[in-house]
Structures are given as C-alpha cells and as structure tokens.
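Enquirer: If you want the numbering used here, it's the position in the sequence shown, counting the first as 1, plus 97.
Right, I'll just put the structure down here and ask away after.
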Amino acid sequence: YYTEDGEEVIKAILTRGELFGEKAILGESRRDEFAQSIDNGTSICPIGVDTMHDLMRNNQTFSFKIYKFIGFKFKKLERRLQLLLFKDTKTRLMEFLEELCNDYGYDCEKTGDKVIHHPYTQKDIASLIGTSRPTLNILLNELKEENIIEFSRKEIRIYQKSA
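Below is the structure:
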C-alpha cells in the first residue's frame with residue numbers, strides 16, 4: 098500500500114499458490130492495498146467474493162483450507178509485529194534470513210553453507226524488516242565482515258558455523 102506521503106510499503110511478498118485479498122472474504126469492502134508481480138511469468142486467478150463464499154459453503158475441505166490459510170497469515174503477521182516491537186534491527190534481519198532460508202534456501206553439498214536464491218531487492222528486505230535501506234546495507238556489510246554471510250544481488254550465503 099502507499100502511505101499518505103506516497104511512499105510504497107511492502108507488507109508481504111507472495112510465492113506460487115498463495116492467496117491475497119483474503120480480507121474481502123471476511124467482509125472488508127474498501128481496499129487500500131494492491132498486488133504487483135515482480136516477473137512476467139506470474140498468473141493471477143481472480144475469484145469474486147460471492148463465488149468464494151459459495152465455494153467455501155459447498156466444500157468443507159476447501160473452506161477449512163482457506164480458514165487455515167487465513168489463520169496462518171494472522172500468525173505470521175503477529176510474529177512480524179513482535180519482531181518489530183521487541184527485537185533490534187540486526188536480530189530482525191537474522192530472523193528474516195532464517196525465513197528466507199526456509200522459503201528459498203538449500204544446503205550447499207560441498208560446504209554445508211545455506212544458500213538462498215531470492216527475488217528481493219535490498220529495498221524490499223528493508224521494508225519487510227522495518228528499517229531503512231542504508232541501515233540494511235550497513236548490517237549486511239557487518240555480517241559479511243564477521244564472516245556470517247556473503248551476499249550478492251539475488252543470492253545470500255549463510256556460512257556454516259565451525260564447531
């Protein structure tokens with residue numbers, strides 16, 4: 098969404114198969130948020146609120162999955178709020194990298210390092226962890242100097258800790 102000052106705020110970045118606009122199911126009529134694709138291969142399948150309600154009413158399994166998804170999304174938002182309120186920026190970054198690892202990471206067979214190929218810009222990451230782009234850059238460089246990570250535009254490597 099955009100703030101009153103016209104600045105874009107990224108609340109989430111979705112991946113394949115995820116839903117957005119779910120608050121409409123819960124009765125929200127006015128929307129101030131929007132979705133934007135970051136690549137040309139994205140397909141969006143719009144479903145009207147009435148159609149969605151009919152699908153949920155007529156298919157208990159589908160309905161359960163939608164409610165589970167909404168609950169999961171609330172849980173994720175609560176976790177993010179706790180991070181923003183109670184953790185310092187470096188901790189928020191480290192926990193975000195851990196989440197990125199779960200979503201986009203794999204273990205390097207040779208070194209055991211965690212390698213993350215991700216779609217985010219530094220501006221996206223800064224927005225998602227509630228900091229400025231320059232502060233994020235400082236933190237990433239600190240982590241690099243401490244030999245915790247190595248990073249390039251679309252890849253972050255988290256070095257395996259030696260015993």
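We put the beta carbon where it would ideally sit given N, CA and C, even for glycine.
1) Spatial neighbours of residue 104 within its chain, please: C-beta separation below 8 Å, excluding the five flanking residues on both sides.
2) Just to confirm my understanding: we take residue 240, look at its own chain, exclude 5 residues before and 5 after, and list those with CB closer than 7 Å. What are they?
3) In whole angstroms, what is the alpha-carbon distance linking residue 209 and residue 193?
4) Let me make sure I understand the geometry here. Which of 216, 140, 159 and 139 has the alpha-carbon closest to that of residue 148?
5) Any idea which residues DSSP pairs residue 248 with across the strands?
6) Beta-carbon within less than 6 Å of residue 215's beta-carbon, same chain only, minus the 5 sequence neighbours each way: which residues are those?
7) Using 8 Å as the threshold, is the region 246–256 in touch with the region 127–137, meaning 3 or more CB pairs across them?
8) Could you check what DSSP says for residue 99 in three-state terms: helix, strand or coil?
9) Which residues in the same chain as residue 257 place their Cβ atom closer than 7 Å to its Cβ, once the five residues preceding and following it in sequence are excluded?
10) What's the call for residue 224, buried or exposed, on a 16-neighbour Cβ count within 10 Å?
Expert: So, from the listed chains and residues:
1) Along the sequence shown, one-based indexing puts residue 104 at 7. Nothing meets the Cβ criterion.
2) As a working note, residue 240 is residue 143 in the sequence shown. So the qualifying residues of the chain are 246.
3) For the purposes of this step, residue 209 is identified with residue 112 of the sequence shown, where counting begins at 1. For the purposes of this step, residue 193 is identified with residue 96 of the sequence shown, where counting begins at 1. Cα to Cα, residue 209 sits roughly 20 Å from residue 193.
4) Translated into the one-based positions of the sequence shown, residue 148 becomes position 51. For residue 148, the nearest C-alpha among the options comes from 159.
5) Start at 1 with the first residue of the sequence shown, and residue 248 comes out as number 151. According to DSSP, residue 248 bridges with 253.
6) Locating residue 215 in the sequence shown gives position 118, where the first residue counts as 1. So the list reads 197 and 201, once near-sequence residues are dropped.
7) no
8) Translated into positions along the sequence shown, residue 99 becomes position 2. Of the three classes helix, strand and coil, the one that applies to residue 99 here is strand, per DSSP.
9) Locating residue 257 in the sequence shown gives position 160, counting from the first residue. Excluding sequence neighbours, residue 257 sits near 208, 209 and 210.
10) Taking the sequence shown and counting its residues from 1, the one referred to as residue 224 is at position 127. Its Cβ being crowded by 16 or more others within 10 Å, residue 224 is buried.
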